[in-house]
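For the record, the sequence lines run as chains L and P. According to the UniProt record's numbering, the first sequence is numbered sequentially starting from 1. According to the UniProt record's numbering, the second sequence is numbered sequentially starting from 1. Glycine is no exception: its CB is placed at the ideal position from the N, C-alpha and C atoms.
Protein chains: 2
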Amino acid sequence: MGIEARPPGRPRDADADTAILDAALELLIERGAAAASIEQVARRAGVTRATVYRRFPDKTQLLIAAVESTYGNPPPTPEIRDLEHLLTGWAAALADPRQRRLLRRLYGAFEDYPEIAAAYEKQLGSPRSDARTAVFEQARDNGELPPNTDPQVLLDILTGAGWQHLITRPDTSTPDDVEQYLRAVLHQAGFTPETRRDRAPRPIKE
Amino acid sequence: MGIEARPPGRPRDADADTAILDAALELLIERGAAAASIEQVARRAGVTRATVYRRFPDKTQLLIAAVESTYGNPPPTPEIRDLEHLLTGWAAALADPRQRRLLRRLYGAFEDYPEIAAAYEKQLGSPRSDARTAVFEQARDNGELPPNTDPQVLLDILTGAGWQHLITRPDTSTPDDVEQYLRAVLHQAGFTPETRRDRAPRPIKE
């Protein structure tokens, strides 16, 4: 990108912040929460350990901040129009190889670093879950999902199917592959796309 | 258990085998595949590292053998009578705290030790998956599941719901708790228990 003029403010600090968070996220993805260390992060970010510790009291807090930084802090409020929009968005996220590795690392971190998973869930997962269950309720009300649909159960089903995809399908899966997979899951859960239900019968030639 | 007479055969070797595999499994559950080491296993088993290396060329092979040993090698062929039997058996397994930790560790090991997950899947997962999909087919054929049920998709749904349960519900979940959870998932997937469908209407008093 070439050399850019530093913006005013506290430029050196902001540079170090970015370098530290980027390095922490890379190391989390490459090695996992247990194997990543403050020392490795400092080295990769080109700063001293003291510089890292001035910002983060320990590795857990650093990794939480790194995860938050990748999803935005605060993350944008998810806007999901309908079930089709939910499907394509979810499929795109699950087809991103880097995202896949990060999600597997987050699952793997659960046992020893539950605070990281909790932070992810609180910051990103919870508002997104609300947006998703709202879409399920809407789809149930307009007949795309069975009347006895439980939005929370359906969220567990799709989220779980995502975890399953991450360890049983290749990281080269395309958004179309993942969408087909998620669509089959939704179909088994009673999803009938509106287009299919509303399709007018073909005019009969007279 | 008191001091028992050694059985004939190669008792010392067998003792060492058991001690090594038990120690490896414990360490896998406690620390995860990345943090567990041959040295720790040897120390906990009360043998030298050389004793471990005579049996297993590396940590991966040792952990694979440890996982195999806990499920039996070869594992017993699963016999699942019907969907109710599948539900209660699955719920019992998922409500075992030690099993829960092991499963989370297996998921967590996927990124750096895919061979362990592959061995688990090949040895235990695959025959069990076959037994489960056979039950889904049977349930579909007798009307407990919708006619358009895809047994493979349903297996992904239930397996995924299991992964989701492992990181969102407490390890104190009882078999009843887990069964209720899995039952809600199956219900959303169109499961209608036979007892409900076949219940005769109550006789009307005349």
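Any non-hydrogen atom of the ligand GTP within 8 Å of residue i CB
i, result
"E68(L)", "Although the ligand GTP was asked about, the structure shown includes no ligands whatsoever."
Residue-chain proximity (residue i, chain L), Cβ-Cβ < 9 Å
i, result
"V185(P)", "yes"
"N148(P)", "yes"
"Y181(P)", "yes"
"V52(P)", "no"
"L86(P)", "no"
"L154(P)", "yes"
"A34(P)", "yes"
"A117(P)", "yes"
"Q123(P)", "no"
"A189(P)", "yes"
"R31(P)", "yes"
CB-CB length for residue i against residue j, believed under 8 Å
i, j, result
"R49(L)", "A42(L)", "5 Å"
"A66(L)", "G46(L)", "Actually they do not touch by this definition, with Cβ atoms about 16 Å apart."
"A16(P)", "R44(P)", "That pair is no contact at about 12 Å."
"L25(L)", "S69(L)", "7 Å"
"E113(P)", "T60(P)", "According to the sequence provided, residue 113(P) is Tyr. The question's Glu does not apply to it. Rounded, the Cβ-Cβ distance is 6 Å, consistent with contact."
"L27(P)", "Q40(P)", "6 Å"
"Q99(L)", "A91(L)", "With 8 Å as the limit, Q99(L) and A91(L) do not qualify as a contact, their Cβ atoms being about 12 Å apart."
"L83(L)", "A161(L)", "With 8 Å as the limit, L83(L) and A161(L) do not qualify as a contact, their Cβ atoms being about 15 Å apart."
"H165(P)", "V178(P)", "7 Å"
"V52(P)", "L63(P)", "Their Cβ separation, rounded to whole angstroms, is 12 Å, which puts V52(P) and L63(P) out of contact at 8 Å."
"L182(P)", "L87(P)", "6 Å"
Any C-beta of chain P under 9 Å from that of residue i
i, result
"Q40(L)", "no"
"A19(L)", "no"
"A24(L)", "no"
Range of the contiguous alpha helix (DSSP H) that encloses residue i
i, result
"I64(L)", "K59 to Y71"
"L158(L)", "P151 to T168"
"R100(P)", "P97 to A109"
"A118(P)", "P114 to Y120"
"Q123(P)", "Here Q123(P) belongs to no alpha helix (DSSP H), and DSSP marks it neither H nor E."
"G89(P)", "L83 to L94"
"A189(L)", "Counting along the chain, A189(L) falls outside any alpha helix (DSSP H), and DSSP gives it neither H nor E."
"A45(P)", "I38 to A45"
"T51(P)", "R49 to R55"
Members of the stretch 99-113 of chain P near chain L, C-beta cut-off 8 Å | Taking 8 Å as the Cβ-Cβ cut-off, the stretch 99-113 of chain P approaches chain L at R101, R104, R105, Y107, G108, A109, F110, E111 and D112, given in chain order.
Name the residues in the stretch 129-145 of chain P whose C-beta lies less than 7 Å from a C-beta of chain L; which are they?
-> Along the stretch 129-145 of chain P, there is no position whose C-beta sits under 7 Å from a C-beta of chain L.
If you pair each beta-carbon of the stretch 138-146 of chain L with each one of the stretch 169-176 of chain P, do three or more pairs fall below 8 Å?
-> Judged by Cβ distances under 8 Å, the stretch 138-146 of chain L makes no contact with the stretch 169-176 of chain P, as fewer than three pairs qualify.
For the stretch 156-167 of chain P, which residues have a CB atom closer than 9 Å to at least one CB atom of chain L, in sequence order?
-> Those residues of the stretch 156-167 of chain P placed with their C-beta closer than 9 Å to a C-beta in chain L are D156, I157, L158, T159, G160, A161, G162, W163, Q164, H165, L166 and I167, ordered along the chain.
Stretch pair the stretch 50-58 of chain L + the stretch 70-79 of chain L: three plus CB contacts closer than 8 Å = Touching, no.
Using Cβ-Cβ distances below 9 Å, what residues of the stretch 63-94 of chain P are close to chain L?
-> Answer in chain order: no residues at all.
Count the CB pairs spanning the stretch 123-138 of chain L and the stretch 120-134 of chain P that are closer than 8 Å, and state whether there are at least three.
-> Taking a contact to require three or more Cβ pairs closer than 8 Å, the stretch 123-138 of chain L and the stretch 120-134 of chain P do not qualify as touching.
Please determine if the stretch 101-115 of chain L and the stretch 103-111 of chain P are in contact, where contact requires at least 3 C-beta pairs separated by less than 8 Å.
-> The stretch 101-115 of chain L vs the stretch 103-111 of chain P: in contact.
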